[in-house]
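Number of protein chains: 2
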Amino acid sequence: MNYLEIKTHNDLDKLKLYLAKNQYDEQENTVRKIIKDIREKKDEALFEYCHKFDNFKANKDNINVSNTEFEQALSQVTLEQKETILYAKEKIENFHRAFLPKSCIIEQNGAILGTRVTSVKKAGLYIPGGKAFYPSTALMTIIPAYVAGVDEIYICTPAQNSYINPLLLYIAKLYNIENVFKVGGAQAIAALAYGTQSIPKVDVIAGPGNIYVAFAKKLVYGDVGIDSVAGPSEVMVVSDNCEKLYAAYDLLSQAEHDANAKVYYVGFNKECINKISDKFFELAKTAKRSEITLKSSQNALFIQTTRELAGQIIDEIAPEHLELQLNDPYSFMNSFKNAGAIFIGEYSCETLGDYVAGPNHTLPTSQTARFSSVLSTETFLKKSSIIHYTHKALQQDAPYAIKFAEYEGLFAHAEALKVRL
Amino acid sequence: MNYLEIKTHNDLDKLKLYLAKNQYDEQENTVRKIIKDIREKKDEALFEYCHKFDNFKANKDNINVSNTEFEQALSQVTLEQKETILYAKEKIENFHRAFLPKSCIIEQNGAILGTRVTSVKKAGLYIPGGKAFYPSTALMTIIPAYVAGVDEIYICTPAQNSYINPLLLYIAKLYNIENVFKVGGAQAIAALAYGTQSIPKVDVIAGPGNIYVAFAKKLVYGDVGIDSVAGPSEVMVVSDNCEKLYAAYDLLSQAEHDANAKVYYVGFNKECINKISDKFFELAKTAKRSEITLKSSQNALFIQTTRELAGQIIDEIAPEHLELQLNDPYSFMNSFKNAGAIFIGEYSCETLGDYVAGPNHTLPTSQTARFSSVLSTETFLKKSSIIHYTHKALQQDAPYAIKFAEYEGLFAHAEALKVRL
Numbered sequence: 001m002n003y004l005e006i007k008t009h010n011d012l013d014k015l016k017l018y019l020a021k022n023q024y025d026e027q028e029n030t031v032r033k034i035i036k037d038i039r040e041k042k043d044e045a046l047f048e049y050c051h052k053f054d055n056f057k058a059n060k061d062n063i064n065v066s067n068t069e070f071e072q073a074l075s076q077v078t079l080e081q082k083e084t085i086l087y088a089k090e091k092i093e094n095f096h097r098a099f100l101p102k103s104c105i106i107e108q109n110g111a112i113l114g115t116r117v118t119s120v121k122k123a124g125l126y127i128p129g130g131k132a133f134y135p136s137t138a139l140m141t142i143i144p145a146y147v148a149g150v151d152e153i154y155i156c157t158p159a160q161n162s163y164i165n166p167l168l169l170y171i172a173k174l175y176n177i178e179n180v181f182k183v184g185g186a187q188a189i190a191a192l193a194y195g196t197q198s199i200p201k202v203d204v205i206a207g208p209g210n211i212y213v214a215f216a217k218k219l220v221y222g223d224v225g226i227d228s229v230a231g232p233s234e235v236m237v238v239s240d241n242c243e244k245l246y247a248a249y250d251l252l253s254q255a256e257h258d259a260n261a262k263v264y265y266v267g268f269n270k271e272c273i274n275k276i277s278d279k280f281f282e283l284a285k286t287a288k289r290s291e292i293t294l295k296s297s298q299n300a301l302f303i304q305t306t307r308e309l310a311g312q313i314i315d316e317i318a319p320e321h322l323e324l325q326l327n328d329p330y331s332f333m334n335s336f337k338n339a340g341a342i343f344i345g346e347y348s349c350e351t352l353g354d355y356v357a358g359p360n361h362t363l364p365t366s367q368t369a370r371f372s373s374v375l376s377t378e379t380f381l382k383k384s385s386i387i388h389y390t391h392k393a394l395q396q397d398a399p400y401a402i403k404f405a406e407y408e409g410l411f412a413h414a415e416a417l418k419v420r421l
Numbered sequence: 001m002n003y004l005e006i007k008t009h010n011d012l013d014k015l016k017l018y019l020a021k022n023q024y025d026e027q028e029n030t031v032r033k034i035i036k037d038i039r040e041k042k043d044e045a046l047f048e049y050c051h052k053f054d055n056f057k058a059n060k061d062n063i064n065v066s067n068t069e070f071e072q073a074l075s076q077v078t079l080e081q082k083e084t085i086l087y088a089k090e091k092i093e094n095f096h097r098a099f100l101p102k103s104c105i106i107e108q109n110g111a112i113l114g115t116r117v118t119s120v121k122k123a124g125l126y127i128p129g130g131k132a133f134y135p136s137t138a139l140m141t142i143i144p145a146y147v148a149g150v151d152e153i154y155i156c157t158p159a160q161n162s163y164i165n166p167l168l169l170y171i172a173k174l175y176n177i178e179n180v181f182k183v184g185g186a187q188a189i190a191a192l193a194y195g196t197q198s199i200p201k202v203d204v205i206a207g208p209g210n211i212y213v214a215f216a217k218k219l220v221y222g223d224v225g226i227d228s229v230a231g232p233s234e235v236m237v238v239s240d241n242c243e244k245l246y247a248a249y250d251l252l253s254q255a256e257h258d259a260n261a262k263v264y265y266v267g268f269n270k271e272c273i274n275k276i277s278d279k280f281f282e283l284a285k286t287a288k289r290s291e292i293t294l295k296s297s298q299n300a301l302f303i304q305t306t307r308e309l310a311g312q313i314i315d316e317i318a319p320e321h322l323e324l325q326l327n328d329p330y331s332f333m334n335s336f337k338n339a340g341a342i343f344i345g346e347y348s349c350e351t352l353g354d355y356v357a358g359p360n361h362t363l364p365t366s367q368t369a370r371f372s373s374v375l376s377t378e379t380f381l382k383k384s385s386i387i388h389y390t391h392k393a394l395q396q397d398a399p400y401a402i403k404f405a406e407y408e409g410l411f412a413h414a415e416a417l418k419v420r421l
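Residue numbers (full-length UniProt numbering), protein chains in the order written: chain A, 1 to 421; chain B, 1 to 421.
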């Protein structure tokens, strides 16, 4: 059991050491090569990689899911599956609509000033496939793009042996998305970023993936917008009580994701920590996915600290999911800033946020909640400034702007104002 | 004179070809080396680069601007300079305050759901120095960080021969920023991203710079947040009249920035284009900064097209600054989406936006307005989700979430809900 005791401010260094990041130079070089190949040889390189990595003999005719494949898939979806998906769909859409940013203007001394919000024209969504396909991820990636008003949505998903999960195609159909490309990995990201003969160059790429996908997104960023660079999933539970043992179940539900899942428990007294960790390791042994949980539970970190230092621990780890199982959670809120999503109170377990609560479940990981936000419509929006002067407003501001331009030695800037006065 | 005629949708391909981007592999490798050195050798490498690139013998005692240097600088600023800066400061602050995003919650079937907005803790601002120092850039970079409520602001600026412009220190002092480091280039970005003994690791890096700075920001992105990857400055004027020749003056004020500045004029009839281009080239010859404008004017592109196709041309170029000198600009607005800042009407020249209008002048360049936004407080903010369920809300949503978890084979996710029901 990994255990840290953080009793003073200086003890936080122990945590920083624990968190110090690995570098993945090898994977980065592999990804760099794939991107170069796709940029230079486009479809030719793309089809080779599909064959190599997914055992799928791709060509320009079969790389896009056909109408027949759509029809076959739709016939396999059960009524119960449809009802469950539609329930989640409505709640997620409602939340994303409620928080959709709008253009706005103000008037300042006779000038109209503002921010114009527009969607990007083309979005490429990466959706993991095969065994790792989760219908909830499809909803959580498509809905913000759809609600933002993106003109064209393209999906890339790895299709091992040409197989695509029917639930993905059912969800794509709900949003009239016709372009589902059977391409995964770094090659999908490169194709969406730079375009090939078969796959259009897009403006923004979003969606989770493995470490190769994450590196590819990091490397193409700047030439195209991306949502974030995601790592393994994480949860931190901060709790001041342990009667109900909920924390142990929540830690386990994170641990079952994969062997690299990260699990943190922050408690204020040793008995509670022991009680939760005992239950957690017991559950990890008997879990249905015990092959995974036996591994990932070894990485779980239990921290004993004070209520005063807990906020600093949260900010250092900046957990993707943070559960506050505290008696007075709201009075604790101002002690920290960094977390992807905050689940408040004993009934708000992460599973609700994963599927049906409404906010997005694609969240910043690996300490990036220090500066990154939850996926939202904003990932697919951009803001432009609006500046509209009347002649009167010009007369008032021009003398200052002219002086400023002259301090900077930009005389033509000043001239453009003088000619209008 | 570079001239394109775009009369049909197919003609847009000519424009795409014209815009096709260069790759800068050589600079990228140089920057990669600098970042690696700073990560491995920290201050030692940093001081070497300061000496090599800025002829400044840096050490841990002199890398930070001293109190004496601050005092000397403040005594050199004139009253008129102070008044001009304070006038701009107030207008820019007002705008940024008016558009500061706030936390917000909604209630959905008994659950509290929302978005929590918090500032990053530490921001690193890059401010170009020496001949390229512009006080307006200091205001435009510091103010959004300040209004966002960043806890700690650090400035890096190149100090050739240890010199720093007094106006920069005057502005830093207005915001009680004490940490101004004499470091420029890619080494400054690497130091802020990963930390050295002298320079703290920050959460977000913002501010314009040369191509080395831009590459460094691109490469550290993901380990730290950045505002955007900026290239040479651009303006596009779209006009349906040319009586007043304002467009020629506005093109020139862009052309005087540097030899790589990009200038576009879009007109609907050949006479107007000739009239504007004649005036522009005449001004470029006689400009105070003619050494620059004679070069940059060679890159100016004049496009003749129809009102119908103009929107598509804007979206393809996605200009940093867009001036709409049209008789009915607002009816034209829905024909395009991509622009950094939009200046509407004949009196709204770019110079106003550069200095005193209020919106930020740091804008996406090189076609990145397809997906990037103007610099704003949001660069220094991040959004977390809030999820707070009552037991009643849990009872309603849990059955669907449990089914969803089971479709995904995540049984511990389902269990965490069942134990609470």
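Just so it is clear, CB atoms sit at the ideal spot from N, CA and C, and this is done for glycine as well.
Continuous alpha helix (DSSP H) stretch holding A/Asn-274: start and end: In the DSSP assignment, A/Asn-274 falls within the unbroken alpha helix (DSSP H) covering 270-286.
With a cut-off of 8 Å, does the C-beta of residue 457 of chain B fall near any C-beta of chain A? Residue 457 of chain B cannot be examined here, being either before or after the span of chain B that is shown, 1 to 421.
Assuming B/Val-204 contacts B/Gly-225 under a Cβ cut-off of 8 Å, what Cβ separation, rounded to an integer in Å, is found between them? That pair is a contact at about 4 Å.
Pairs of beta-carbons, one from the segment 101-109 of chain B and one from the segment 177-192 of chain B, closer than 8 Å: are there three or more? Segments in contact, no.
Would A/Arg-32 and A/Leu-219 qualify as a contact pair, given that the criterion is a beta-carbon distance under 8 Å? Yes. Within cutoff.
Please state whether the Cβ-Cβ distance between A/Lys-262 and A/Asn-299 is less than 8 Å. Cβ atoms of A/Lys-262 and A/Asn-299: closer than 8 Å.
Along the segment 208-242 of chain A, what residues have a CB closer than 7 Å to any CB found in chain B? Under the 7 Å Cβ criterion, the segment 208-242 of chain A contributes Lys-218, Tyr-221, Gly-222, Val-224, Gly-225, Val-229.
So which residues on chain B does A/Gln-108 lean against when the C-beta distance must stay under 9 Å? What A/Gln-108 touches in chain B, judged by beta-carbon distance under 9 Å, is Lys-91, Asn-94, Phe-95, Ala-98, Ala-357, Gly-358, going in chain order.
Which bits of chain A does B/Leu-339 rub up against, with CB to CB less than 7 Å? At residue 339 of chain B the sequence reads Ala, which differs from the Leu that was named. Contact annotation for B/Ala-339 against chain A: Ser-384 [CB-CB distance below 7 Å, chain order].
Taking DSSP's pairing of strands, which residues face A/Ile-386 in a bridge? Paired residue(s): A/Gly-114, B/Ile-342.
Got a sec: is the Cβ-Cβ distance from A/Gly-353 to anything in chain B below 8 Å? So yes, A/Gly-353 belongs to the interface.
So, for B/Ala-172: in the same chain, excluding its five sequence neighbours on each side, which residues have a beta-carbon less than 7 Å away from its beta-carbon? Apart from sequence neighbours up to five positions away, the residues of its chain that approach B/Ala-172 with a beta-carbon distance below 7 Å are Ile-155, Val-180, ordered along the chain.
Inside the segment 358-418 of chain B only - beta strand (DSSP E) runs reaching at least 3 residues: List check, beta strand (DSSP E) in window: 381-388.
What do you reckon, is the C-beta of A/Thr-196 under 7 Å from a heavy atom of the ligand PLP? Absence of the ligand PLP is noted for the structure shown, with no ligands found whatsoever.
Nearest-angstrom Cα distance between A/Ala-111 and B/Leu-17? So the alpha carbons of these two residues sit roughly 38 Å apart.
What is the residue span of the alpha helix (DSSP H) that A/Tyr-212 lies within? Element bounds for A/Tyr-212: 211-220.
Along the chain, where does the alpha helix (DSSP H) containing A/Met-1 start, and where does it finish? A/Met-1 -> no alpha helix (DSSP H), and no H or E assigned at all.
From B/Phe-215, B/Leu-139, B/Ser-239, pick the residue whose C-alpha is nearest to that of B/Gly-231; which is it? Selected option, being the one with the closest Cα: B/Phe-215.
Who pairs with B/Gln-108 in a beta bridge, going by DSSP? Note: B/Gln-108 sits in a beta bridge opposite B/Ala-111.
Taking C-beta to C-beta, are A/Lys-121 and B/Lys-337 nearer than 8 Å? Yes, these two residues count as a Cβ contact at 8 Å.
Within its chain, find whatever has a CB closer than 6 Å to the CB of B/Thr-381; leave out the 5 residues flanking it on each side and keep chain order. Here residue 381 of chain B turns out to be Leu, not Thr, going by the sequence shown. So the list reads Val-117, Ser-119, Ala-148, once near-sequence residues are dropped.
Relative to the alpha-carbon of B/Ile-273, which residue among B/Lys-285, B/Lys-42, B/Ser-239 has its alpha-carbon at the smallest distance? It is B/Ser-239.
Considering just the uninterrupted stretch of the alpha helix (DSSP H) at A/Gly-353, what are its terminal residues? Residue range 350-355 is occupied by the alpha helix (DSSP H) that includes A/Gly-353.
Using the Cα positions of B/Lys-14 and B/Glu-5, report the straight-line distance between them to the nearest angstrom. Take the alpha-carbon of B/Lys-14 and the one of B/Glu-5: they are about 9 Å apart.
Can you give the Cα-Cα distance for residue 423 of chain A and B/Tyr-400, rounded to whole angstroms? Since the displayed chain A opens at 1 and closes at 421, residue 423 of chain A lies outside it and no answer follows.
Can we say the segment 370-379 of chain B touches the segment 44-54 of chain A, given the rule of at least three CB pairs closer than 8 Å? No, the segment 370-379 of chain B does not touch the segment 44-54 of chain A.
Listing by chain order, which chain A residues have their CB less than 8 Å from the CB of B/Tyr-407? Under the 8 Å cutoff, chain A gives Gln-81, Thr-84, Pro-135, Leu-167.
Can you find at least 3 beta carbon pairs, one from the segment 386-399 of chain A and one from the segment 347-367 of chain B, that sit closer than 8 Å? Result yes; three or more Cβ-Cβ pairs closer than 8 Å.
Run through chain B and tell me which residues come within less than 9 Å of A/Phe-332, C-beta to C-beta. Near A/Phe-332 there are no residues of chain B at all, since even the closest Cβ is about 13 Å away, more than 9 Å.
For B/Lys-33, which three-state DSSP category applies? Correct three-state label for B/Lys-33: helix.
Determine, for A/Lys-51, whether the minimum Cβ-Cβ distance to residues of chain B falls below 8 Å. The residue asked about is misnamed: residue 51 of chain A is His in this sequence, not Lys. With its beta carbon at least 8 Å from every one in chain B, A/His-51 lies outside the interface.
Spell out whether any CB of chain A is found under 8 Å from the CB atom of B/Cys-349. Yes, B/Cys-349 lies at the interface with chain A (some Cβ there is under 8 Å from its Cβ).
Based on the DSSP secondary-structure assignment, which residues constitute the bridge partners of residue 433 of chain A? Any answer about residue 433 of chain A is impossible in this case: the structure gives chain A only from 1 up to 421.
Whole angstroms are fine: how far does the CA of B/Thr-78 sit from the CA of A/Ala-412? Answer to the nearest angstrom: the Cα atoms are 23 Å apart.
Ignoring anything shorter than 4 residues, give me the alpha helix (DSSP H) runs that lie fully in the segment 119-164 of chain A, in order along the chain. 135-148, all fully within the segment 119-164 of chain A.
For A/Leu-19, which residues from the same chain have a beta carbon less than 8 Å from its beta carbon, with the 5 sequence-adjacent residues on both sides left out? So the list reads Glu-316, Ile-317, Gln-367, once near-sequence residues are dropped.
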